[in-house]
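Below is one structure; the comments refer to it alone.
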Amino acid sequence: MRSALRTLAGLVILSLVAVACGPTTSTPTSGAASTTTTASTAASSNGTLTIAISIDQGDWNPLDSFSLAWGQVANQIFDGLVYRGPNLNIHPGLATSWKWLNPKTLQFKLRQGVTFQDGEPFNAQAVAYTFNDWLLGKPGKASPQLSNYTTIDHVQIVNNYTVNFIMKEIDPVIVTKLAGYGAMIVPPKYIQQHGIKYFDTHPIGTGPFKVTQYVQNDHLTMVANPNYFKGAPKLAKVIYRFVPDNNTRVEMLSSGEAQIVQGIPVALASTVSGLSNAKLLPVASPTVNGLYYSPFVAPTQDVRVRQAIAYGIDMNTIIKTVLGGYGKRVATFQGSKSFGFDPNLQPYPYDVAKAKQLLQQAGVKPGTPFSMAYSQTDTTGTEVIQAIRSYLQKLGFNVSLKPLSPSVYFTTVSNGKYANMWTFGWGGWTFDFDNTADLLFKTGESYNPGWSDPQVDQQIAAERSSTDQQTRLNAFLKLDQRLYNLDWILPLYQAVNLWGASNRVQNFVAPPDDRVDLWNVSLSGS
Amino acid sequence: MAEYFVRRLLHGVLVMLGISLFVFAMLRLTGDPAILMFNGAGRPTPAALAAIRHALGIDRPFWVQYVSYIWGAVRGNFGTSFTTHQPVAIMLAQAFPNTLILAAAAMVIAIVISVPLGVAAAVNRGRGIDLASRIASLLGVSFPNFWLGIMLIIIFGAKLRWFPIGGFDSWGALVLPALTLGLILCSVLTRLIRSAMLSALTQQYVVTARAKGLAERLVIARHALRNALIPTVTFLGLQFGGLLGGTVIIEQVFGWPGVGQLALQAINSRDYPTVEASVIGLAAIMVLVNFLVDITYGMLDPRIHWGR
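Read top to bottom, the protein sequences are chains A and B.
Positions in the first sequence are counted from 1; adding 1324 to them yields our numbering.
Positions in the second sequence are counted from 1; adding 8 to them yields our numbering.
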């Protein structure tokens, strides 16, 4: 019997020993940047800002990563040749100016006197290295970002501060794309010295903040880069905390543990609005949510059925009730800030009689089976789907819902044969309909489940073959009208992202494209 | 005894091989991780996809991949993460201690609360403390752990601001997630100790001890409690494995940098090597704990003989 007590005591002691091992965050690990040396910060920089976000990207190398989670953090570390701020206008970044020498040669003049955070100079060699050696890819070394830059043949060094982008074909959106993910300029010597894998978790850029510690799934700490070319940032230190749970992030804002939080769900919007120490910051995102129709599963091959569904769903009420008003109705699958958006096209009105008439014309009988697939972890999206289901049942469909895990979602639905409809969100990160139209609607494209229309293909080719914006806009307007009539996708709403910020935070602009810019942000009372 | 150990060890190895094969095969049914690496950014060219598949090693036949993986795993090489491009063994070496610390702290909390409470409830059967402990246990069992976690965050983190809420950068950060897990375990453990104590208190050896004039305090501590602890220790051993599983949700709620959070993220990004190593690691701990429980049980109860 003594052994029973001994064993119990042993369990307690073992537990205490395990606990005594201590927080692993106290020492930088291999996941932590080696740059734990105290970086000097500018005398003008002060205050520590903590920002809680939901996802740890895990890899901060811009050549690897293209995601909103990357942009929320690594926008502080890196710069591109051009910069798109929260107002979505393109400004000079590491390039001071640019011009087309001819339709296939784009010349950039580079900013002089800029250094990476380890002192390595930024120059034309760094730009050529970023593109020629990595982004455009050598055999077996292709960057996942290559697909965004396939129109570039190579970067030519003219002199130490001038480069020419030699294009394979005309790309009217290339300057915008160069402000985007992936096209951040990386330090050649640092990568050659430490290796590209080391760079993934020990990033060095030209940006306003320098990473000093990264502990996976816990936090990433940055300090001000006093030599930043726009001037030292106002904050001395920024700590990103990775907190997946929505409620916890909101409570961190409420308690003052975090001063900025990302990804507030609609259900918690009123909680944040009610905080006395913080405010809710809604911002229209480029993401548009919709439901893709199957070209293969009856009865959605019939355009009359698709139109009936559009008439039969009261989307305005769904936005008002389920989304708490944090959504914007759209008529086509693009946001209102997208180049190519036609403001004259209006979403289908809610008209049940018209919907039933169209279903009758299409020969759809009451009780016809109808399936909808969606990603089960999207809580707001799930509520929208359930609301839509009730509208479809009123039209006489026998609706079945097919929730799927996000890891298998796209693989399952993308061939168009799994369900009649499936939820589909699209970022539209260039704020130009080109990317969306080409990838989603052109015949044979990977995100097109099997729809095909010669007029659609023709208009996409027309806008892509010109750098004249008016010519492109005309093509887009024709394309919008055609897609509106075809109804391959039921556009639901343009998403509104919800951020929360402490009242102490000054000059923070909630970014439409999730690329947080903390350079000019400060904390009152610091 | 040696034969018993060897047999249990072989049994454990077979279980681990089965789990690894199952996880390896199932993951490959979820789809192509190369496509997810493009994150919907644009159209991956067939050449780019092929290059990435080759770099990830997933263009090889299934059995070649599996044997290569197992051969690496037995040497401590679990491959490189598809998403972070870091060695998975290092990622796990960072995450596992955090999960173990959380589970261990929860167990300490559960034991420290449950043992005196369960004993007091049994000794005072039918009185106020017994009723209170049963009601508290019932409530504890009924609460989902994520809900309890959020409530603790709101009360002790946001309102009272006694403890930090997210992450693990100080000892204070351990309190709320450990309490969440510990209190749930505490509910079950208190009931178990109470019923084991009630059973022990009616045994002949307790009657004899009392008849000998032994002080009631010693009767309870030396005779009743020691016997009541036999099923308790077995239960705790098995629950430690359960606690590790329970940390998955709690790690999400509290942003705890443990293996549960690592595995969930890896699942969502089809990071095969990280998922495989996380599942195999957790399974190995379960197998080990079961093995130790079997051994301990035999040591505690002389009526149990190894090998029979």
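All residues carry an ideal CB built from backbone N, CA and C; glycine is no exception.
Taking its Cβ as the centre, do 16 or more other Cβ atoms sit within 10 Å of B:Leu-37, making it buried, or is it exposed? The count along the second sequence starts at 1 and reaches residue 37 of chain B at position 29. Exposed: under 16 other Cβ atoms inside 10 Å.
Classification of B:Phe-13 by the beta-carbon crowding that lies within 10 angstroms, buried from 16 upward: The count along the second sequence starts at 1 and reaches residue 13 of chain B at position 5. With fewer than 16 Cβ atoms within 10 Å of its Cβ, B:Phe-13 is classed as exposed.
Min CB distance A:Asn-1571 to chain B below 8 Å: The count along the first sequence starts at 1 and reaches residue 1571 of chain A at position 247. Output row for A:Asn-1571: interface = yes.
Ignore the nearest five residues each way along the sequence and tell me which others in A:Thr-1475's own chain have a CB closer than 8 Å to its CB. In the first sequence, residue 1475 of chain A corresponds to position 151, counting from 1. Hits under 8 Å: Met-1491, Lys-1492, Glu-1493, Ile-1494, Asp-1495, Ile-1498.
Using 8 Å for Cβ pairs, my map puts B:Ile-27 next to B:Ala-274. What's the rounded Cβ distance? Within the second sequence, numbered from 1, the residue matching residue 27 of chain B stands at position 19. Within the second sequence, numbered from 1, the residue matching residue 274 of chain B stands at position 266. Contact doesn't hold; Cβ gap of about 16 Å is too wide.
Which residues in chain B have a C-beta closer than 7 Å to the C-beta of A:Gly-1382? List them in chain order. As a position in the first sequence, residue 1382 of chain A is number 58, starting the count at 1. The contacting residues are Thr-91, Thr-92.
Alpha carbons only, please: which of A:Ile-1642, A:Asn-1551, A:Met-1508, A:Ser-1578 is nearest the one belonging to B:Gly-165? In the second sequence, the residue the question calls residue 165 of chain B occupies position 157. Nearest option by C-alpha distance: A:Ser-1578.
Within the same chain, show all residues whose beta-carbon is closer than 8 Å to that of A:Ile-1509, passing over the 5 residues directly before and after it, in chain order. As a first step, residue 1509 of chain A is located in the first sequence; it is residue number 185 there, counting from the start. Correct list, in chain order: Phe-1402, Asp-1403, Gly-1404, Leu-1405, Leu-1418, Phe-1446, Ala-1450, Val-1451, Thr-1454, Gly-1529, Thr-1530.
Identify which residue in A:Ser-1776, A:Leu-1559, A:Ile-1563 has its Cα closest to the Cα of A:Thr-1545. Along the first sequence, read from residue 1 onward, the residue named residue 1545 of chain A stands at position 221. The shortest Cα separation from A:Thr-1545 among A:Ser-1776, A:Leu-1559, A:Ile-1563 belongs to A:Ile-1563.
List the residues of chain A that B:Met-34 touches, going by C-beta distances under 8 Å, in chain order. For this step, residue 34 of chain B is matched to residue 26 along the second sequence. Chain A residues near B:Met-34: none, gap ~11 Å exceeds 8 Å.
Does chain B have any CB closer than 8 Å to the CB of A:Ser-1731? If you number the first sequence from 1, residue 1731 of chain A lands on position 407. Interface residue, yes.
Give the straight-line distance between the Cα atoms of A:Val-1829 and B:Val-149, rounded to the nearest whole angstrom. Here the question's residue 1829 of chain A lines up with position 505 in the first sequence. Here the question's residue 149 of chain B lines up with position 141 in the second sequence. About 42 Å.
Taking CB distances under 8 Å as the criterion, tell me whether A:His-1543 reaches chain B. In the first sequence, residue 1543 of chain A corresponds to position 219, counting from 1. Closer than 8 Å: yes.
Only counting the same chain, and skipping five residues up and downstream in sequence, which positions put a Cβ closer than 7 Å to that of A:Asp-1781? On the first sequence, residue 1781 of chain A is found 457 positions in, with the first residue counted as 1. Cβ within range, chain order: Lys-1766, Thr-1767.
Neighbourhood of A:Ala-1363 by C-beta, 7 Å cutoff - its chain only, sequence neighbours within 5 removed: Translated into positions along the first sequence, residue 1363 of chain A becomes position 39. For A:Ala-1363, the pLDDT reaches just 40, beneath the cut-off of 50, and the residue's location in the model is therefore unreliable, leaving the point undetermined.
Pull up the CB-CB distance for B:Val-261 and B:Gly-157, whole angstroms please, since I reckon it's below 8 Å. One-based indexing of the second sequence puts residue 261 of chain B at position 253. One-based indexing of the second sequence puts residue 157 of chain B at position 149. Between B:Gly-157 and B:Val-261 the Cβ distance is about 4 Å, and since that is below 8 Å, they are a contact.
Going by C-alpha to C-alpha distance, which of B:Val-301, B:Asp-177, B:Ile-163 sits closest to A:Gln-1540? Taking the first sequence and counting its residues from 1, one reaches residue 1540 of chain A at position 216. The option with the nearest alpha carbon to A:Gln-1540 is B:Asp-177.
Check whether the Cβ of B:Pro-281 lies closer than 8 Å to any Cβ atom in chain C. Going by chain labels, chain C is absent from the structure shown, which instead holds the protein chains A and B.
Should A:Ser-1350 be labelled buried (16 or more other beta-carbon atoms within 10 Å of its own) or exposed? Taking the first residue of the first sequence as 1, we reach residue 1350 of chain A at position 26. Bear in mind that the predicted position of A:Ser-1350 carries a pLDDT of just 34, short of 50, making it too unreliable to give a figure here.
For B:Ala-229, which residues in the same chain have their Cβ closer than 7 Å to its Cβ, ignoring the five residues on either side in sequence? Taking the second sequence and counting its residues from 1, the one referred to as residue 229 of chain B is at position 221. So no residue of the chain qualifies.
For B:Ser-76, which residues of its own chain have a beta-carbon under 6 Å away from its beta-carbon, when the five flanking residues on both sides are left out? Taking the first residue of the second sequence as position 1, residue 76 of chain B is located at position 68. Cβ within range, chain order: n/a, list empty.
Is there contact between the region 1589–1609 of chain A and the region 1645–1663 of chain A, where contact requires at least three CB pairs shorter than 8 Å? yes
How would you label B:Tyr-213, buried or exposed, when you count the other beta carbons within 10 angstroms and need 16 or more for buried? Counting from one through the second sequence, the residue named residue 213 of chain B turns up at place 205. Exposed, by the Cβ-count rule.
Please list the residues of the region 192–226 of chain B that have a C-beta atom closer than 7 Å to any C-beta atom in chain A, keeping them in chain order. none
So the candidates are A:Ile-1642, A:Gln-1631, A:Ser-1660; which of them puts its Cα closest to the Cα of A:Asp-1675? Along the first sequence, one-based indexing puts residue 1675 of chain A at 351. Of the listed residues, the one whose Cα sits closest to A:Asp-1675 is A:Gln-1631.
If the criterion is Cβ atoms closer than 8 Å, does the pair A:Leu-1682 and A:Tyr-1617 meet it? Residue 1682 of chain A sits at position 358 when you count from the first residue of the first sequence. Residue 1617 of chain A sits at position 293 when you count from the first residue of the first sequence. No.
What do you reckon, are the CB atoms on B:Gln-269 and A:Pro-1568 nearer than 8 Å? By one-based count along the second sequence, residue 269 of chain B stands at place 261. By one-based count along the first sequence, residue 1568 of chain A stands at place 244. Their beta carbons are under 8 Å apart, which means B:Gln-269 touches A:Pro-1568 by this criterion.
Residues sharing a beta bridge with A:Asp-1626, DSSP: Stepping through the first sequence from its first residue, residue 1626 of chain A is reached at position 302. For A:Asp-1626, which the question treats as bridged, DSSP gives no partner whatsoever.
Just the Cα atoms here: how many angstroms apart are A:Asp-1380 and B:Gln-211? Here residue 1380 of chain A refers to the residue found at position 56 of the first sequence. Here residue 211 of chain B refers to the residue found at position 203 of the second sequence. So the two alpha carbons sit approximately 57 Å from each other.
Among the candidates A:Pro-1836, A:Trp-1843, A:Arg-1573, A:Gly-1849, whose CA atom is the shortest distance from the CA of A:Leu-1412? For the purposes of this step, residue 1412 of chain A is identified with residue 88 of the first sequence, where counting begins at 1. The shortest C-alpha separation from A:Leu-1412 is found at A:Pro-1836.
Which residues does DSSP pair with A:Met-1696 in a beta bridge? The residue labelled residue 1696 of chain A in the question sits at position 372 within the first sequence. A:Met-1696 is bridged to A:Leu-1725, A:Met-1745.
What do you get for A:Phe-1748, buried or exposed, if any count of 16 or more other CB atoms within 10 angstroms of its CB means buried? The residue labelled residue 1748 of chain A in the question sits at position 424 within the first sequence. Buried, because 16 or more other Cβ atoms sit within 10 Å of the Cβ of A:Phe-1748.
For chain A, is any of its Cβ atoms less than 8 Å away from the one on B:Val-261? The sequence position of residue 261 of chain B within the second sequence is 253, counting from 1. Closer than 8 Å: yes.
Whose Cβ in chain B lies nearer than 7 Å to the Cβ of A:Ala-1376? Walking along the first sequence from the start, residue 1376 of chain A turns up at place 52. Gly-174, listed in chain order.
By Cβ distance below 6 Å, which residues in the same chain neighbour A:Pro-1671 in space, the five residues on each side in sequence not counted? Your numbering for residue 1671 of chain A matches position 347 in the first sequence. Arg-1653, Ala-1655, listed in sequence order.
C-beta contact flag for A:Asp-1811 and A:Val-1627 at 8 Å: Numbered from 1 along the first sequence, position 487 holds the residue referred to as residue 1811 of chain A. Numbered from 1 along the first sequence, position 303 holds the residue referred to as residue 1627 of chain A. Yes. Within cutoff.
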